[in-house]
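Numbering (our numbering), first residue to last: 137 to 404.
The C-beta atom is built at its ideal place from N, Cα and C for all residues, glycine as well.
These notes concern the structure reproduced below.
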Amino acid sequence: MDLATIIGLILGVAALVVAFILEGGHLTSLLGITAFMIVFGGTFGATIASHSLDDAKRIPSLILRAFKAPPDRRRMLIDELVTLAEVARRDGLLALEDRVIDDPFLQRAVTLVVDGTDPEVTRAVLESDIEAMEARHARGYGMFSTMGGFAPTMGIIGTVMGLIHVLSNLSSPDELGPAIAVAFLATLYGVASANLIWIPIGNKLKYRSQQEADERWIVVEGVMGLQAGDNPRVLREKLTATLPPAERAAGASAAVPAAARAMAEGGE
Numbered sequence: 137m138d139l140a141t142i143i144g145l146i147l148g149v150a151a152l153v154v155a156f157i158l159e160g161g162h163l164t165s166l167l168g169i170t171a172f173m174i175v176f177g178g179t180f181g182a183t184i185a186s187h188s189l190d191d192a193k194r195i196p197s198l199i200l201r202a203f204k205a206p207p208d209r210r211r212m213l214i215d216e217l218v219t220l221a222e223v224a225r226r227d228g229l230l231a232l233e234d235r236v237i238d239d240p241f242l243q244r245a246v247t248l249v250v251d252g253t254d255p256e257v258t259r260a261v262l263e264s265d266i267e268a269m270e271a272r273h274a275r276g277y278g279m280f281s282t283m284g285g286f287a288p289t290m291g292i293i294g295t296v297m298g299l300i301h302v303l304s305n306l307s308s309p310d311e312l313g314p315a316i317a318v319a320f321l322a323t324l325y326g327v328a329s330a331n332l333i334w335i336p337i338g339n340k341l342k343y344r345s346q347q348e349a350d351e352r353w354i355v356v357e358g359v360m361g362l363q364a365g366d367n368p369r370v371l372r373e374k375l376t377a378t379l380p381p382a383e384r385a386a387g388a389s390a391a392v393p394a395a396a397r398a399m400a401e402g403g404e
């Protein structure tokens, strides 16, 4: 689970609720079924109308994706690419033909190389794959940006509807205060849901998309080096340069024993 998403949302909601209680409010006054229906029903309806039905069906799975923290696969991909470079340098590119690779994108890239595809064509195909993935992801997190835009407006609509009901019953002055408070619940729901739920989830999904794109760009650069016949050690340095400094240092310390083992095996 992604603790950042969970902690962030809980902290945001808790801050609003605690502040409300400290001001002397009661939690029951924050509950309003009609305001909830107007804001959330209207937001989902407008969002579905703005996107395709197939995209709308993905909303539950996208929300779950925002709460799941995928592993950082960059180091694993770099190690795999360096291993492939070592095999290709020793036995040739055709030796990679029957090698089983878990990552589908890397497998596809290696297949293009083994088939003798021109380097420019290989890069173009892989870049098109990344662009298509980013466009697909953009439709996903774009829906949450859309909901973040519609929710406050739906809240205002709900408040106006509530005020219309209040103003049509001015014969009961004692009930005006509670009725106005209920009317403004819709605005609260709209603004709060936009800024504490929809926009943060959309931003997290965008961040997830960038993470996956970064991993794929490592594959692209690694395969290009593999196809060009780069020295495995040079290839590792080139790919490791894309990592944060702390991870570069950790990878370097791990690579030294591996290199020593390789030299020992070569000496035998």
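| Straight-line Cα distance separating residue 360 from residue 197 | Straight-line Cα distance between these residues: approximately 34 Å.
| said: Going by DSSP, what residue range makes up the alpha helix (DSSP H) through residue 270? | reply: 255–303
| field | Distance between residue 268 and residue 324 (C-alpha atoms, nearest Å) | value | Approximately 38 Å, taken between the alpha carbons.
| Straight-line gap, residue 231 to residue 347 (C-alpha atoms, nearest Å) | Annotation: residue 231 to residue 347 spans about 31 Å, alpha carbon to alpha carbon.
| field | Whole-angstrom C-beta distance between residue 258 and residue 250, which should lie under 8 Å | value | Not a contact, Cβ separation roughly 11 Å.
| task | Please report the residue range of the alpha helix (DSSP H) in which residue 339 lies. | result | 335–364
| said: Let me confirm a value: residue 162 is counted as buried when at least 16 other C-beta atoms fall within 10 Å, else exposed. Which label applies? | reply: Exposed, because fewer than 16 other Cβ atoms sit within 10 Å of the Cβ of residue 162.
| task | Mind the definition here: the region 176–195 touches the region 269–287 only if three or more C-beta pairs lie below 8 Å; say whether that holds. | result | yes
| query | Exposed or buried, what is residue 382 when buried is set at 16 or more other beta-carbons lying within 10 Å of its beta-carbon? | reply | exposed
| request: Express the C-alpha separation of residue 219 and residue 401 in angstroms, rounding to a whole number. | output: With a pLDDT of 40 at residue 401, under the threshold of 50, the modelled position of that residue is not reliable, and no figure is offered here.
| said: Pop quiz: residue 327 and residue 365 are said to be a contact at Cβ under 8 Å. What is the actual Cβ separation, rounded to whole angstroms? | reply: Residue 327 to residue 365, Cβ: 58 Å. No contact.
| said: For residue 212, report the span of its alpha helix (DSSP H) as first-last. | reply: 210–227
| task | Could you work out which residue in 333, 315, 153 and 281 is closest to residue 294 when comparing CA atoms only? | result | 315
| field | DSSP state of residue 150 mapped onto helix, strand, coil | value | helix
| task | Find the nearest neighbour of residue 222 within the set 369, 145 and 174, judged by alpha-carbon distance. | result | Per the Cα distances, 369.
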